[in-house]
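Asker: The opening residue of the sequence shown carries number 6 in the working numbering; numbering runs sequentially from there. Backbone N, C-alpha and C fix where the C-beta goes; we use that ideal spot for every residue, glycine too.
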Amino acid sequence: MRITLVNMPWQALTWPSMAMSALDTVVTDLGHEVTQLYENLNYAEHCLDAAAGLSPADYLAISSGGFDYGVGEWVFTSTLFEPGWRQPEFTAYLERVGYQDIGPAIALHHRAPEFVDQVVERVLATGPDLVGLTTTFEQNVPSLAVALRLKQRRPDLPIALGGANCDGDMGAALHRNFPQINFVVRGEGERPLTELLEAMADKRGFESVTSLCWRDAHGRSVENPYKPVGTPGPALPIATIRPYFDHVHRSPARPWISETFLRLETSRGCWWGEKRQCTFCGLNGGSISYRSKPPERAWKEISEAVTEFGILDVTMTDNILDPAYLRTLLPQLAEAGWDLRIFYEVKSNLKPDELAVLAAAGVVSVQPGIESLASGPLSLMDKGTTGAAQVRALRLFLEHGIFPLWNYLYGFPGEDWERDYAHVVDQIPALVHLPPPKRSNRLSLDRFSPLFLRPELGIDERRTPAEWYGIVYPLSESELADIAYAFAYTPRGIDDLTAKRLSDVIAHWQRAYERSALNYRLDADEVLIEDRREGWPIRDHVLRGDEAAIYLTLARHLALPALQAALRAGGYDIDSKTVKDLLHRWRTLGLVYEDDGVWVALAVPANVRERMSWKEEGEIVAA
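#1: Near M25, what residues of its chain come up, given a Cβ to Cβ distance below 7 angstroms and the 5 sequence neighbours on each side ignored?
#2: Let's see if you can read the secondary structure: which residues bound the alpha helix (DSSP H) around N182?
#3: How far does the beta strand (DSSP E) with Q372 in it reach, from first residue to last?
#4: Quick one: what's got a C-beta closer than 7 angstroms to V603's C-beta in the same chain, skipping five residues either side?
#5: Output yes or no for whether 8 angstroms exceeds the beta carbon distance between Y490 and A608.
#6: Considering only residues of the stretch 548-627, which uninterrupted beta strand (DSSP E) runs meet the minimum length of 3 residues and lie entirely inside it, listed in chain order?
#7: Excluding five sequence neighbours on each side, which residues of the same chain lie with their C-beta closer than 7 angstroms to the C-beta of A17?
#8: With H, G and I counted as helix, E and B as strand and the rest as coil, what does DSSP make of Y478?
#9: Less than 8 angstroms between the beta carbons of E228 and C218, yes or no?
#10: Please state the DSSP three-state secondary structure of W343.
#11: Measuring CB atoms only, is the stretch 286-304 touching the stretch 345-361, in the sense that at least three cross pairs come out at less than 8 angstroms?
#12: Within 10 angstroms of the Cβ of H438, are there 16 or more other Cβ atoms? Answer buried if so, exposed if not.
#13: Ignore the nearest five residues each way along the sequence and tell me which others in G540's own chain have a CB closer than 6 angstroms to its CB.
#14: CB of V125 to nearest heavy atom of the ligand SAM: below 7 angstroms?
#15: Does the contact criterion of 3 or more C-beta pairs under 8 angstroms hold for the stretch 228-244 versus the stretch 264-273?
#16: Using DSSP with H/G/I as helix, E/B as strand and the rest coil, what is T333?
#17: Which value, in whole angstroms, describes the spacing of the CA atoms of S213 and D29?
#18: Assuming F314 is part of the beta strand (DSSP E), what are its boundary residues?
#19: Given Q569, which residues of its chain have a CB within under 8 angstroms of its CB, disregarding the five upstream and five downstream residues?
#20: Using CA atoms only, rank isn't needed, just tell me which of P233, V39 and A62 is closest to A49.
#21: For the 8 angstroms Cβ check, are there 3 or more pairs between the stretch 156-164 and the stretch 458-469?
#22: Exposed or buried, what is G575 when buried is set at 16 or more other beta-carbons lying within 10 Å of its beta-carbon?
#23: N324: buried (16+ other C-beta within 10 angstroms of its C-beta) or exposed?
#24: Curious, which full-length alpha helix (DSSP H) runs of at least 4 residues does the stretch 28-94 contain?
#25: Please classify E621 as buried or exposed, where buried requires at least 16 other C-beta atoms within 10 Å of its C-beta.
#26: With burial defined as no fewer than 16 other Cβ atoms inside 10 Å of the residue's Cβ, what is the status of W15: buried or exposed?
#27: Between A55 and P109, is the Cβ-Cβ spacing less than 8 angstroms?
#28: Do the CB positions of Y192 and V234 come within less than 8 angstroms of each other?
#29: Between D530 and R544, what straight-line distance do the alpha-carbon atoms span, to the nearest angstrom?
#30: Determine the closest residue to G475 out of Y74, S353 and D172, with distance taken between C-alpha atoms.
#31: Here's a check: name, in chain order, each residue in its chain whose Cβ is nearer than 6 angstroms to the Cβ of A150, leaving out the five neighbours to either side.
#32: What whole-angstrom Cβ distance do V510 and V605 have, given they're in contact under 8 angstroms?
#33: So which of L527, V146, I8 and R181 has the shortest CA-CA distance to D221?
#34: Which residue from K232, L436 and V368 puts its Cα closest to that of R538?
#35: Kindly give me the distance between the Cβ atoms of W440 and F402, rounded to whole angstroms, as I take these residues to be in contact under 8 angstroms.
#36: So for C171, helix, strand or coil by DSSP?
Structural data, given as structure tokens:
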């Protein structure tokens with residue numbers, strides 16, 4: 006069987022599609038012939054039109070910032086529905102929410118039918134027996150538009166839709182409302198797709214395919230029970246990524262793609278989420294159970310990809326690093342001696358020796374789930390950590406030359422400005438030498454998150470799909486509620502006016518970071534702290550004796566009783582009043598951070614491995 010897999014806009018241009026490349030491996034191993042089409046790259050090339058004032062930069066703007074407003078979806082409604090589809094209503098909406106790139110979106114909207122026709126020609130040229138379209142975030146309408154035109158050309162051609170946008174009720178609603186789709190694969194695709202191919206070969210019935218949506222002899226939508234099955238760790242496929250690199254290296258849009266990454270997978274699910282899912286997290290859908298590849302299999306995949314493609318930038322798709330890799334995979338990567346630049350998602354409570362292992366292996370950036378610097382909101386998020394611990398994590402990442410990518414989230418039911426934010430805003434100027442958040446933003450209400458699934462957490466069921474869904478899709482409220490991933494709701498927690506105080510100090514943090522340093526040096530029994538932070542006087546602090554012992558002990562985040570116990574264990578018997586007075590003086594000087602009675606030192610050893618710089622667009626570069 007010839008199977009053509011299609012990756013439509015608006016996936017990022019810088020890496021392969023994990024869904025498409027993983028399923029290629031599965032289907033090829035079953036003996037089928039597979040073609041991957043990177044139509045997102047083709048669309049970036051299609052944007053090369055100086056006469057129309059367009060370029061791949063317009064693709065990048067929509068792919069990176071359009072999902073919150075449905076821009077990429079609306080662009081392709083000119084093909085799925087009709088040219089100019091609800092254009093006055095949609096442009097008025099974009100103006101109201103402050104979206105900046107309306108002009109290019111309108112131009113691309115009117116050019117979309119031409120591009121979709123080109124996609125159809127490329128698909129049909131492969132002679133497919135089955136077409137598979139993958140959809141995540143802004144890929145629904147582009148994929149549905151291609152499916153519609155394919156059916157107009159070849160009504161007998163089976164078309165399957167899969168991906169994160171098809172999980173659970175979303176996939177069933179897409180299948181009900183768009184008859185050009187024969188099959189919707191829900192959940193992780195390896196098992197359902199394998200069973201679907203068996204059903205197409207008359208080796209089983211469609212009704213037995215795991216979680217599948219299919220059509221009966223009368224064309225009616227049939228929804229098999231949704232029972233997602235996670236692929237076991239040892240069976241997670243080694244992705245077939247060569248088609249992406251073959252395409253991107255010959256692409257006329259290559260000058261607009263700053264760099265390309267190996268995008269690989271070593272695990273699925275979330276071991277933390279299995280125990281205490283973060284209340285705002287809508288990732289994983291029905292497959293949160295954690296599974297990782299055996300370290301020898303992960304090593305084989307990474308080493309072969311680095312060797313074959315000569316690319317040292319590696320982005321891992323994992324929701325969270327397997328702690329066992331700190332003893333297995335990562336030391337092996339370090340021993341290889343490659344100058345890798347790896348990204349991983351991690352838990353923020355990594356110990357210094359564990360961070361050293363990450364750094365030695367080439368991990369230069371992480372997403373650690375910082376989210377807040379106050380214990381109250383962190384508890385509401387079910388993060389299992391404290392504000393002072395998160396500040397310590399920022400300091401430790403900096404000490405080890407690892408840049409943490411994070412956002413400051415607010416708007417949780419039950420939070421309070423005076424209790425949860427005022428002291429943070431007051432202390433952020435002391436943190437400007439530590440890696441800042443990319444932005445501060447109100448939490449989004451996403452399907453599958455505990456806040457969505459459990460109204461008792463504070464966001465009741467009077468939520469509606471994000472506004473753009475109702476403009477893009479001509480569907481009833483109930484069908485929109487099933488298709489949507491992002492939802493509007495009555496805001497909770499601090500209001501927008503108050504939140505601006507937080508965003509303003511974070512903006513200062515972002516501006517000051519690369520010009521700020523708070524370093525310390527050890528000299529015998531002295532600690533010399535050199536303060537070179539923007540917004541603070543240039544000065545040096547010399548700590549001796551008890552003061553030096555207290556400050557060095559606060560490398561850990563400690564409440565006063567624990568601090569005094571640690572000091573006594575080290576041979577220092579200092580009365581609590583002296584310690585309290587010193588801590589409060591240090592807070593005034595910006596040398597420590599305090600949250601909920603827990604204190605942590607802010608100065609960084611002067612001999613840090615490498616300082617990473619922050620840019621507004623979130624790129625990570627060596628300073």
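Answerer: For this structure:
#1: L10, N12, Q41 and T139
#2: D174 to N182
#3: V368 to Q372
#4: Excluding residues up to 5 positions away in sequence, T391, A393, H562, L563 and A564 lie with their Cβ nearer than 7 angstroms to the Cβ of V603 in the same chain.
#5: no
#6: Entirely contained in the stretch 548-627, the beta strand (DSSP E) runs reaching 3 residues are, in chain order, 597-600, 603-606, 617-619 and 625-627.
#7: S68
#8: coil
#9: Their beta carbons are under 8 angstroms apart, which means E228 touches C218 by this criterion.
#10: coil
#11: Short answer: they don't touch.
#12: Counting other Cβ atoms within 10 Å of its Cβ, H438 reaches 16 or more and is therefore classed as buried.
#13: P434
#14: Absent from the structure shown: the ligand SAM. Ligands present: none.
#15: yes
#16: coil
#17: Roughly 23 angstroms between the two C-alpha positions.
#18: Here F314 belongs to no beta strand (DSSP E); instead the alpha helix (DSSP H) covers P300 to F314.
#19: I579, S581 and V584
#20: A62
#21: no
#22: exposed
#23: buried
#24: 44-51, 61-70, 76-80 and 82-85
#25: Confidence at E621 is low in this model, with a pLDDT of 40, below 50, so the placement of that residue should be treated as unreliable; the coordinate-derived value is given next. By the 10 Å Cβ count, E621 comes out exposed.
#26: buried
#27: no
#28: Reading the sequence as shown, one finds Gly at residue 192 and not Tyr. Cβ atoms of G192 and V234: closer than 8 angstroms.
#29: 20 angstroms
#30: Y74
#31: Counting only Cβ-Cβ distances below 6 angstroms, and skipping sequence neighbours, we find F81, T84, L85 and V121.
#32: That belief does not hold up - the Cβ atoms of V510 and V605 are roughly 19 angstroms apart, past 8 angstroms.
#33: R181
#34: L436
#35: Here residue 440 turns out to be Pro, not Trp, going by the sequence shown. P440 to F402, Cβ: 6 angstroms. Contact.
#36: helix
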